[in-house]
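Anchor point for the sequence shown: position 160 equals 1301 in the numbering used here, and the numbering is continuous, going up by one each time. Data block below; observations after.
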Amino acid sequence: MVDTKRRRSLMICSCLTSAFILSAVLLVGSALLLTNYNHKQSHVGLQTIGVVNTTTFQTPCEVCEEFSSSIFAPLREKGTIIFCCFFLIGFLANVDVRYRINACLMEVRHCLEVLLLELLIWKCGSYGALPKKKNSKSPMNLLAIAVGLKQKGNVDQIVKKFPPAQFVVMLFHYDGKVDGWKDLEWSSSAIHVSAINQTKWWFAKRFLHPDVVSEYAYIFLWDEDIGVENFRVGRYLSIIKEEGLQISQPAIDPDKSEVHHKITSREKRLKVHRRAVNLRGTGRRCYENSTEPPCTGWVEMMAPVFSRASWRCAWYMIQNDLIHAWGLDFQLGYCAQGNRTANIGIVDSEYVVHYGLPTLGGSAVNKTSEVQGQASKHGTSPDKGSMVPSTSHPSDDRDAVRKRSYAELEIFKNRWKKAVREDKCWSNPFQ
1142 MVDTKRRRSL
1152 MICSCLTSAF
1162 ILSAVLLVGS
1172 ALLLTNYNHK
1182 QSHVGLQTIG
1192 VVNTTTFQTP
1202 CEVCEEFSSS
1212 IFAPLREKGT
1222 IIFCCFFLIG
1232 FLANVDVRYR
1242 INACLMEVRH
1252 CLEVLLLELL
1262 IWKCGSYGAL
1272 PKKKNSKSPM
1282 NLLAIAVGLK
1292 QKGNVDQIVK
1302 KFPPAQFVVM
1312 LFHYDGKVDG
1322 WKDLEWSSSA
1332 IHVSAINQTK
1342 WWFAKRFLHP
1352 DVVSEYAYIF
1362 LWDEDIGVEN
1372 FRVGRYLSII
1382 KEEGLQISQP
1392 AIDPDKSEVH
1402 HKITSREKRL
1412 KVHRRAVNLR
1422 GTGRRCYENS
1432 TEPPCTGWVE
1442 MMAPVFSRAS
1452 WRCAWYMIQN
1462 DLIHAWGLDF
1472 QLGYCAQGNR
1482 TANIGIVDSE
1492 YVVHYGLPTL
1502 GGSAVNKTSE
1512 VQGQASKHGT
1522 SPDKGSMVPS
1532 TSHPSDDRDA
1542 VRKRSYAELE
1552 IFKNRWKKAV
1562 REDKCWSNPF
1572 Q
């Protein structure tokens, strides 16, 4: 027994020594690579909406693909993670500050960071060995929610609707209070990511790269203020598969929710609907023959559900420096894997309540009493911080968040127009 432990210790030490030597070699090599790449990068054009074009030279992600195939693939087969870590850390450290402002090299850094995230968080088993994949009849799905401790009770109710045999749960803690969730029975099996005062889409851009979440059939990217009393996720999955919906959302109960667009409002007699008619009242006019969002081919951003293929497209539309993702919903039709009027829809039979709680920047007093009434109506105690925002006076911070959201909307729209104007090869499939 003692001899076995000694051999294991010697083997680990030997691996560590080899890893240090190899990482030192790669540290020097990566500097030479960057110098060579910097010479070539002037020939690379970067479009605004996350697309890199090039003629004869490699794109940054092609460089990453070479790294992945030539270096990481054999290491993955051997289950060796330590070497990969040293290589990535050495490479990233070698990116000089003056190079970091270059968009192409930042793409290289991003690709490598994704690989590091995949290796260290998602794929690693004990002692750095890759766990064997379990044989399952159906692929897993992902539930990702941006959460604050004040909405703990409601988030608990949401998560309990998603069976662990079918879903991995990922919580984005925008208040940094991760330890406050430890008493929930499912918390230890969830993935927790913390960053102060960040939004759901900020987290999604950094931690839900399509390659990292490629094992999940569907991605539920939800807000924390969703009431799920009338929602059955198993039935929901069956419906969207049957209807061929690539992007979807549960309908919103109009009697108990804030409804911003008529298309999201529940139609009681339907199982699914894909368009709305709005001839009077507030909001954009929608007719039977309307073909553009939000009249058809549209979901709201509080509770979207993406297929694997549609998420790969949508992720690249999310702007790295715009944290609220305003305007993205009007362009999701391009990610519908075909006809957006057919492949995007609202599921009426499995519906939710949207409480519309402002989180970042605080909340207004008049919102508190409204939500308290809804909480008691649905049997959730506001004293536990489940659905009730802070009772502070209207905040300048909240106004700042709203102003920034509108500013980002204009930025996104302008970037989209610029990308369309400059990309001579792109044609609008919906015109």
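Quick reminder that beta carbons are idealized off the backbone N, C-alpha and C, glycines included.
Residue state for VAL1561 is assigned as helix, using DSSP reduced to three classes. Nearest C-alpha to LEU1325 among TYR1315, ASN1338, LYS1346, VAL1296: VAL1296.
Within the DSSP bridge table, the entry for THR1432 names no partner. With contacts defined as CB atoms closer than 8 angstroms, LEU1290 and PHE1308 fail to qualify as a contacting pair. Proximity of the stretch 1458-1469 to the stretch 1317-1336 falls short of the contact definition, fewer than three beta-carbon pairs being nearer than 8 angstroms. When the alpha-carbon of TYR1377 is set against those of VAL1494, PHE1303, PRO1434, the nearest one is in PHE1303. No residue range can be given for VAL1440, since it is assigned to no alpha helix (DSSP H) and is classified by DSSP as neither H nor E. Rounded to the nearest angstrom, the gap between the Cα atoms of PHE1571 and GLU1549 is 25 angstroms. Relative to the Cα of GLY1424, the nearest Cα in the group HIS1414, THR1405, ARG1410 belongs to THR1405. In the structure shown, the three-state DSSP call for SER1568 is coil.
Less than 8 angstroms divides the Cβ of HIS1402 from the Cβ of PRO1435. Judged by pairs of C-beta atoms under 8 angstroms, the stretch 1383-1398 touches the stretch 1481-1498, as three or more such pairs exist. Contact between GLU1365 and VAL1440 does not hold, since the beta-carbon distance rounds to 18 angstroms and is not under 8 angstroms. Considered as a whole, the stretch 1344-1381 harbours no complete run of any alpha helix (DSSP H) with no fewer than 4 residues. DSSP, reduced to helix, strand and coil, places LEU1325 outside both helices and strands of the structure shown, so it counts as coil.
In this structure, THR1482 keeps its C-beta atom at 8 angstroms or more from the C-beta atom of ARG1426. In chain order, LEU1284, VAL1300, ALA1331 place their CB closer than 6 angstroms to the CB of VAL1310, counting only its own chain and leaving out the 5 sequence neighbours on each side. In this structure, the CA atom of VAL1369 is about 11 angstroms from the CA atom of ALA1392. In terms of CA proximity to HIS1333, LYS1318 leads the group LYS1318, LYS1346, GLN1478. In the structure shown, SER1448 falls within a strand segment according to DSSP collapsed to helix, strand and coil. In the DSSP assignment, PRO1391 forms a beta bridge with VAL1488. When secondary structure is reduced to three states using DSSP, ALA1287 falls in the strand class. Across the structure, TRP1452 and GLN1478 are spaced so that their CA atoms are roughly 10 angstroms apart. Taken through DSSP and simplified to helix, strand or coil, ARG1543 comes out as helix. If the five residues before and after PHE1372 are omitted, its C-beta is found closer than 8 angstroms to the C-beta atoms of LYS1302, PRO1391, GLU1491, TYR1492, VAL1493, all from its own chain and listed in chain order. A straight line joining the alpha-carbon of ILE1360 with that of ALA1560 spans about 27 angstroms.
When the Cα atoms are used, HIS1465 and CYS1454 turn out to be separated by approximately 18 angstroms. Looking at the backbone, the Cα of GLU1356 and that of HIS1495 are separated by about 29 angstroms. By a beta-carbon distance limit of 8 angstroms, ILE1380 does not contact CYS1476. Their separation comes to about 20 angstroms. Taking a contact as a CB-CB distance under 8 angstroms, the pair ARG1410 and PRO1395 does not count as one, their CB atoms being some 14 angstroms apart.
PHE1313 and ASP1540 have their C-alpha atoms some 23 angstroms from each other. In the assembly as shown, GLY1375 is an exposed residue. Its beta-carbon has fewer than 16 other beta-carbons within 10 Å. Of the candidates LYS1565, ALA1450, TRP1467, TRP1467 places its Cα closest to the Cα of THR1340. Nearest C-alpha to PHE1471 among LYS1412, PHE1553, VAL1446, VAL1400: PHE1553.
Leaving aside the five residues that flank SER1335 on each side, the residues in its chain whose CB is nearer than 6 angstroms to its CB run, in chain order, HIS1314, GLY1317, VAL1319.
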